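In the working numbering, the protein residues as written are 78 to 372. Think of the CB as a built atom: it goes at the ideal place given N, C-alpha and C, for glycine as much as any other residue. Note that the coordinates shown come from a computational prediction; the quantities given were computed from them, not determined experimentally.
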Amino acid sequence: MTTKISGLWLPLITPFKDGAIDFASYDRLVNHYIAKGVDGLLPLGTTGESPALDEDEIAAVIERTLAVTNGRVPVFAGVGGNATAKVEKELKRLRHLPIAGILSVCPYYNRPSQEGLIAHFRRIAAATDRDVVIYNIPYRTAVNLSNDSLLDLAEVPNIVGVKDSSGSIEQSLDLLRRKPADFAVLTGEDALFFTMRANGAEGGILAASHLMTEGFVEVERCFDANDLVGARAAWAPLAGFVPMLFAEANPMPIKHLLWRQGLIASPECRLPLTRISDGLAHRLDAAFAVTKAAA
């Protein structure tokens with residue numbers, strides 16, 4: 078295991094302005110979250126609207142992340158898809174970029190068997206010398222990577238962890254009980270961050286930590302210190318706020334609040350994503366003010 082995959086990782090949004098990537102806002106975000114104490118950055122996930130970016134933009138985002146980060150925290154990039162050969166080609170195209178690893182989502186839409194999923198990720202791992210974290214999110218992909226399959230893949234040396242968004246607490250807790258010590262489980266279920274850390278997960282890859290970042294960092298710090306009472310207290314003001322950030326399609330609500338704070342110049346997303354409804358905007362603005370005051 079070449080990179081420590083643990084703690085609080087941020088799957089960065091990609092800010093846009095007038096249809097183009099807003100790199101001035103992006104630089105500000107990278108510096109902001111490193112200063113807040115996140116443990117790692119992950120551009121080009123679903124939160125980063127990676128399906129809406131072209132090849133040149135993908136490379137440019139990775140290059141910019143690495144340049145601004147300048148080694149202060151590790152950087153993994155989202156590199157995945159539902160055609161194995163295309164993912165291999167993408168890895169080859171990006172191999173000159175010194176990222177620490179990749180996050181690769183289960184193949185979506187074509188619903189492969191467990192055998193197909195295992196073969197897919199083995200091929201991806203063989204196509205790169207970087208660490209690989211698997212992303213299991215059945216409610217987006219329509220396929221669930223079973224724990225048996227995941228534990229099979231955990232034997233591959235450079236498959237070092239999973240972003241677990243299985244949607245099943247039973248499956249997640251079973252994975253925590255059975256996983257090897259050197260295989261990292263990071264929850265991708267933002268609302269379950271406290272629960273999963275309390276049951277032995279190594280951390281989280283959490284879109285919600287774009288907001289109230291200090292609170293998420295404090296939850297992580299308390300768990301590192303085996304301070305369950307402190308972690309519960311830090312989590313309390315976040316617990317009711319986090320679900321609101323996913324009331325409409327991610328990252329639209331997060332971008333709205335980042336824009337309202339002046340961290341990005343526009344809440345713009347790329348189609349087919351748009352902007353949040355006026356009703357949710359009013360609720361988010363009010364809830365964020367209350368939660369920030371309580372934190």
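Quick one: using the 10 Å Cβ neighbour count with 16 as the cut-off for buried, is Met78 buried or exposed?
One-based indexing of the sequence shown puts residue 78 at position 1. Note that Met78 scores 42 on pLDDT, short of 50, meaning its location in the model is unreliable; the coordinates nonetheless yield the value given after this. By the neighbour-count criterion, in which 16 or more other beta carbons inside 10 Å mark a residue as buried, Met78 falls on the exposed side.
Using C-beta distances below 6 Å, list every residue in its chain close to Val115, excluding the 5 sequence neighbours before and after it, in chain order.
Locating residue 115 in the sequence shown gives position 38, where the first residue counts as 1. Residues Leu85, Leu87 of the same chain have their beta carbon placed closer than 6 Å to that of Val115, with the five preceding and five following residues left out of the count.
May I have a chain-ordered list of the alpha helix (DSSP H) segments no shorter than 4 residues that lie completely inside the region 207-270?
For the region 207-270, the full-length alpha helix (DSSP H) segments reaching 4 residues or more read 215-218, 224-230, 246-255 along the chain.
Is the number of C-beta pairs between the region 258-276 and the region 93-108 that are closer than 8 Å three or more?
Between the region 258-276 and the region 93-108, the count of C-beta pairs closer than 8 Å stays below three; the two stretches do not touch.
Excluding the 5 residues preceding and the 5 following Thr368 in the sequence, name in chain order all residues of the same chain whose CB lies nearer than 8 Å to its CB.
Translated into positions along the sequence shown, residue 368 becomes position 291. The beta carbon of Thr368 sits closer than 8 Å to those of Met289, Pro314, Leu315, Gly317, Phe318, all from its chain and outside the five residues before and after it, given in chain order.
Which class does Phe293 belong to by DSSP, given the choice of helix, strand or coil?
By 1-based counting over the sequence shown, the position of residue 293 is 216. It is helical.
Alpha carbon of Ile135 to alpha carbon of Ile331, nearest angstrom
Numbered from 1 along the sequence shown, position 58 holds the residue referred to as residue 135. Numbered from 1 along the sequence shown, position 254 holds the residue referred to as residue 331. The straight-line gap from Cα to Cα measures roughly 21 Å.
Proximity test, Glu167 beta-carbon vs the ligand MN heavy atom, cut-off 8 Å
The ligand MN is not among the ligands present in this structure, which contains no ligands whatsoever.
Look up Ser203 in the DSSP assignment and give the residues it is bridged to.
Taking the first residue of the sequence shown as position 1, residue 203 is located at position 126. The question names Ser, but residue 203 in the sequence shown is Ala. As computed with DSSP, Ala203 is found in no beta bridge at all.
Find out if the Cβ-Cβ distance for the pair Lys240, Thr218 is shorter than 9 Å.
The sequence position of residue 240 within the sequence shown is 163, counting from 1. The sequence position of residue 218 within the sequence shown is 141, counting from 1. Inclusion of Lys240 and Thr218 in the CB contact set at 9 Å is not warranted, their separation being larger than that value.
Determine the extent of the alpha helix (DSSP H) in which Leu143 is found, giving its start and end residues.
Numbered from its first residue, the sequence shown carries residue 143 at position 66. Where Leu143 is concerned, the enclosing alpha helix (DSSP H) stretches over 132-146.
Could you have a look at Leu118 and say whether DSSP puts it in helix, strand or coil?
Taking the sequence shown and counting its residues from 1, one reaches residue 118 at position 41. Looking at Leu118 - three-state DSSP - the assignment turns out to be strand.
Could you pull the start and end residues of the alpha helix (DSSP H) that Ala308 belongs to?
Working through the sequence shown from its first residue, we reach residue 308 at position 231. Residues 305-316.
Please state if the CB of Arg188 and the CB of Leu228 are separated by a distance shorter than 9 Å.
If you number the sequence shown from 1, residue 228 lands on position 151. If you number the sequence shown from 1, residue 188 lands on position 111. The answer is no: Cβ separation not under 9 Å.
Let me know if Asn147 comes out buried or exposed under the rule of 16 or more other beta-carbons within 10 Å of its beta-carbon.
Residue mapping note: residue 147 aligns to position 70 of the sequence shown, counting from 1. Taking every protein chain shown into account, the CB of Asn147 has fewer than 16 other CB atoms within 10 angstroms, so this residue is exposed.
For Gly193, which residues in the same chain have their Cβ closer than 8 Å to its Cβ, ignoring the five residues on either side in sequence?
As a working mapping, residue 193 is identified with position 116 in the sequence shown. Contacts found: Pro184.
Look at the alpha carbon of Gly281 and the alpha carbon of Phe293, and state the distance between them as a whole number of angstroms.
Within the sequence shown, numbered from 1, the residue matching residue 281 stands at position 204. Within the sequence shown, numbered from 1, the residue matching residue 293 stands at position 216. Taking the Cα positions, Gly281 is about 10 Å away from Phe293.
Please classify Val138: is it buried, with 16 or more other beta-carbons within 10 angstroms of its beta-carbon, or exposed?
In the sequence shown, the residue the question calls residue 138 occupies position 61. Buried, since its Cβ has 16 or more Cβ neighbours within 10 Å.
Residue range of the unbroken alpha helix (DSSP H) whose run includes Val107:
If you number the sequence shown from 1, residue 107 lands on position 30. It spans 100-113 - the alpha helix (DSSP H) in which Val107 sits, taken as one unbroken run.
Cβ neighbours of Trp336 in the same chain (closer than 7 Å, five flanking residues each side left out):
Indexing the sequence shown from 1 puts residue 336 at position 259. Excluding positions up to five away in sequence, the list reads Ser343, Pro344.
In the structure shown, what three-state DSSP assignment does Ser286 receive?
Working through the sequence shown from its first residue, we reach residue 286 at position 209. Taken through DSSP and simplified to helix, strand or coil, Ser286 comes out as helix.
Between Ala160 and the rest of its own chain, which residues show a CB-CB distance below 8 Å, the 5 nearest in sequence each way excluded?
In the sequence shown, counting from the first residue as 1, residue 160 sits at position 83. Pro184.
Give me the Cβ distance between Leu174 and Glu126, rounded to the nearest whole Å; I'm assuming they're in contact under 8 Å.
By one-based count along the sequence shown, residue 174 stands at place 97. By one-based count along the sequence shown, residue 126 stands at place 49. Actually they are not in contact, since the Cβ atoms of Leu174 and Glu126 sit about 19 Å apart, beyond 8 Å.
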